[in-house]
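Presented below is the structure to which this report refers.
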Amino acid sequence: MPEQDYMNNVQRLFFKQRLEDERTRILLHIEELKAEINRGEAGGDEADKATREEELRFLFRQIDRESRLLPKIDSALTRIQTGSYGYCIETGDPIGLRRLLLRPTAERSIEAKTTQELREPMYRKKPGGQ
Numbered sequence: 001m002p003e004q005d006y007m008n009n010v011q012r013l014f015f016k017q018r019l020e021d022e023r024t025r026i027l028l029h030i031e032e033l034k035a036e037i038n039r040g041e042a043g044g045d046e047a048d049k050a051t052r053e054e055e056l057r058f059l060f061r062q063i064d065r066e067s068r069l070l071p072k073i074d075s076a077l078t079r080i081q082t083g084s085y086g087y088c089i090e091t092g093d094p095i096g097l098r099r100l101l102l103r104p105t106a107e108r109s110i111e112a113k114t115t116q117e118l119r120e121p122m123y124r125k126k127p128g129g130q
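Just so you know, the UniProt record's numbering puts 38 at position 38 of the sequence shown, and the rest follows in order with no gaps.
See below:
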């Protein structure tokens, strides 16, 4: 694809709609999860209470995970507005349509993301190959 065709109006509108749809889906899912939490079940034996507590922990983890996506989506939508969407925040290089289709919130090219992960301690291998 010629460089001038990358992130044209059609592509920007496509990703804007996709991100807005995902944002709406997440907000609705969070509301469903909250309703499930508030459903509550009174009484029951110790096993029932333990099962409910585990279910609540799972629901809270889901809400947390989904909630952490919202700022990433908002950031991507802002980048669409400013015209920087689809370009690596570190290098300015195109991220690529294939990567954006898989991860519309991507901020970095594959190369820049790999470099970032290698610098981060949680991705480094421990001594002894562990």
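All C-beta atoms, glycine included, are put in the ideal place defined by N, C-alpha and C. Computed from a predicted structure; not experimentally measured.
Among the candidates the options, whose CA atom is the shortest distance from the CA of residue i?
i	options	result
P71	V10, N9, L13, A106	A106
G92	R12, L101, R79	R79
K113	E90, K34, D45, F15	E90
F60	D74, D45, A76, H29	H29
R18	Q62, D74, E32, R65	D74
For my contact list, residue i and residue j are in at a C-beta cut-off of 8 Å; report their separation, rounded to the angstrom.
i	j	result
Y87	P94	6 Å
Q116	R108	7 Å
What residues are listed by DSSP as bridge partners for residue i?
i	result
P94	Y87
Which two residues bound the contiguous alpha helix (DSSP H) that contains residue i?
i	result
N9	9-39
D48	46-82
E111	110-119
### Query
Is the region 34-52 close to the region 5-22, with three or more CB pairs under 8 Å?
no
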